[in-house]
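Visitor: Would you mind keeping the following structure in view while I ask a few things?
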Amino acid sequence: IAYYVRQAWKNVFGEKIGGLKALYDVAHNIIKLEKYKIDNEIKELAVHRKGATRAFPPQHPEIPIKYKTAGQPVLIPGSMGTASYVLHGTEEAEKSFYSACHGAGRTMSRHESLRKISGKELKKVMESKGIIVKVDSVSSLAEEAPQAYKDIDEVVEVVDQAGLAKKVAQLKPLAVIKG
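Counting in our numbering, the sequence shown runs from 194 upward without gaps.
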């Protein structure tokens with residue numbers, strides 16, 4: 194993705210950016226072998242995260258050195274018209290095998306979204322909020338409509354209050370690209 198962002202930057206602004214790089218990248222559908230203390234015994238487990246991401250605390254051996262003091266970055270994206278969040282992992286997250294959700298979760302299927310929401314109207318609403326929208330098919334925009342998802346602010350608040358990850362920053366959308 195970082196490569197394509199650099200190419201898009203070059204195409205739009207006509208200049209190459211040498212220092213433009215990804216700050217963090219993480220999978221949210223993975224199976225990893227990890228060690229956990231179960232019944233006072235260290236065991237290696239296959240931890241399957243579907244729609245979830247790692248949320249390791251500071252100093253955990255599995256996180257990169259540059260994040261050791263803060264804890265693993267936990268990215269919880271909202272929909273294309275809502276905020277997204279950056280959080281960091283905590284010791285409390287051990288109760289969920291150091292996992293946190295990756296997104297708010299859908300309240301309606303893609304098919305239902307396409308039936309109930311006008312992509313054309315959604316595009317107008319987003320652009321009225323100052324969000325740039327680039328899409329192959331305006332009708333397909335409805336698949337990812339904000340109203341097709343749970344409230345991201347509420348979901349992140351629950352994650353924070355449960356101690357699975359702690360809020361660091363809220364991000365506001367500037368542009369949406371949907372293929």
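C-beta atoms are modelled at their ideal positions from N, C-alpha and C, and glycine is treated no differently.
Hey, would you say valine 328 sits closer than 8 angstroms to leucine 268, going by beta carbons?
Guide: For valine 328 and leucine 268, no; Cβs fall outside 8 angstroms.
Visitor: Compare the C-alpha of valine 279 against each of Val240, Ala368, Leu216, Asn204 and name the closest.
Guide: Ranking Val240, Ala368, Leu216, Asn204 by Cα distance to valine 279 puts Leu216 first.
Visitor: So, helix, strand or coil for glutamate 350, using DSSP?
Guide: Helix at glutamate 350.
Visitor: Check whether the region 315-334 touches the region 281-293, taking contact to mean three or more Cβ pairs, one atom from each stretch, closer than 8 angstroms.
Guide: No, they do not touch.
Visitor: Can you give me the C-alpha to C-alpha distance between glutamate 237 and lysine 228, rounded to a whole angstrom?
Guide: Approximately 4 angstroms between the Cα atoms of the pair.
Visitor: Are there 16 or more other CB atoms within 10 angstroms of the CB of serine 306, so buried, or fewer, so exposed?
Guide: So serine 306 counts as buried.
Visitor: Nearest to glutamate 336 by CA position, among Arg199, Met301, Lys225, is which residue?
Guide: Closest by alpha carbon: Met301.
Visitor: Below 8 angstroms on the Cβ atoms is my guess for alanine 297 versus tyrosine 342; work out the distance and round it to an integer in Å.
Guide: Yes, alanine 297 and tyrosine 342 are in contact; Cβ-Cβ is about 5 angstroms, under 8 angstroms.
Visitor: Once the 5 residues before and after histidine 281 are set aside, which same chain residues still bring their CB inside 7 angstroms of it?
Guide: Taken in chain order, the residues that qualify are Ala263, Gly264, Gln265, Pro266, Val267, Ala358, Lys359, Val361.
Visitor: Taking glycine 356 as the reference, which of Val318, Thr283, Asp344, Ala276 has the closest Cα?
Guide: The candidate whose alpha carbon is nearest that of glycine 356 is Thr283.
Visitor: Taking the alpha carbon of isoleucine 325 as the point to measure from, which residue in Ile194, Lys225, Val240, Val369 has its own alpha carbon closest?
Guide: Comparing Cα-Cα distances from isoleucine 325 to each of Ile194, Lys225, Val240, Val369, the minimum goes to Val369.
Visitor: Output the distance between the C-alpha atoms of lysine 230 and glutamate 287, rounded to the nearest integer angstrom.
Guide: Spanning the two alpha carbons is a distance of roughly 10 angstroms.
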